[in-house]
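S.K.: Below you'll find the structure I mean.
Numbering (this note's numbering), first residue to last: -2 to 221.
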């Protein structure tokens, strides 16, 4: 008599809890010339004994507290690969067929895992944003955004002006004592326009401390 021995093998897949958002690989950076405000000063003539009423209007001054980034996303892919980047399978990603988010943060590791709408008062203090062009007057509306399956509703947001299609959402991880707790995010848009009506996939405005150089790290999440 032959005995048939059946061996049942059980395979258990373990998944680390990780953010789907990942570091972005950047290509070239081209800085646009900033406005210098060097237009000639207006003038009026006067002489001794004159008393003149001169009203001043249309005054524009360049902010020292905010910077803007915009661009396209190309060469992206969804992959099954190991820690040594050996690829099992790769799917080409296109913003025309998928969605996602781009985020900027001063932190070299994304400030998760739990995010909520940013504390604007803390942002004003950390970046020395003053009372006019500050976070409170900039993120003056609310919006929702989904980061790695976490829907964040009613977060402080800023609808960019000019011809921009984008709304920037200000988030943080609950810490109010460090810039690295904050992230500034927007949804990818395949048909988006930047402030100058140029075709881009994202545009994000971020705070900068006056008279200081600020380093921002780019993060991207591809959704299918």
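By construction, the Cβ of each residue, glycine as well, lies at the ideal position given by its N, Cα and C atoms.
It should be emphasised that the depicted structure is a prediction, and the values quoted were computed from it without experimental measurement.
Rounded to whole angstroms, what is the Cα-Cα separation between residue 216 and residue 22?
M.R.: For residue 216 and residue 22, the distance between alpha carbons rounds to 9 angstroms.
S.K.: Rounded to the nearest angstrom, what separates residue 161 and residue 181 at their Cα positions?
M.R.: Cα-Cα distance, rounded: 16 angstroms.
S.K.: Tell me whether the region 113 to 125 and the region 203 to 213 touch, counting them as touching only if at least three CB pairs, one residue from each stretch, are closer than 8 angstroms.
M.R.: Yes, the region 113 to 125 is in contact with the region 203 to 213.
S.K.: Taking the continuous beta strand (DSSP E) assigned at residue 74, which residues delimit it?
M.R.: Counting along the chain, the beta strand (DSSP E) containing residue 74 begins and ends at 74 to 78.
S.K.: State the Cα-Cα distance for the pair residue 212 and residue 183, rounded to the nearest angstrom.
M.R.: In a straight line, the C-alpha of residue 212 is about 18 angstroms away from that of residue 183.
S.K.: Starting from residue 187 and walking both ways along the alpha helix (DSSP H), at which residues does that stretch end?
M.R.: Segment: none, residue 187 is in no alpha helix (DSSP H) and carries neither H nor E.
S.K.: Since residue 64 is in the beta strand (DSSP E), which residue starts that stretch and which ends it?
M.R.: Where residue 64 is concerned, the enclosing beta strand (DSSP E) stretches over 63 to 68.
S.K.: Which two residues bound the contiguous beta strand (DSSP E) that contains residue 138?
M.R.: Element bounds for residue 138: 138 to 144.
S.K.: Pull up the DSSP beta-bridge partners for residue 165, would you.
M.R.: Residue 165 is bridged to 155.
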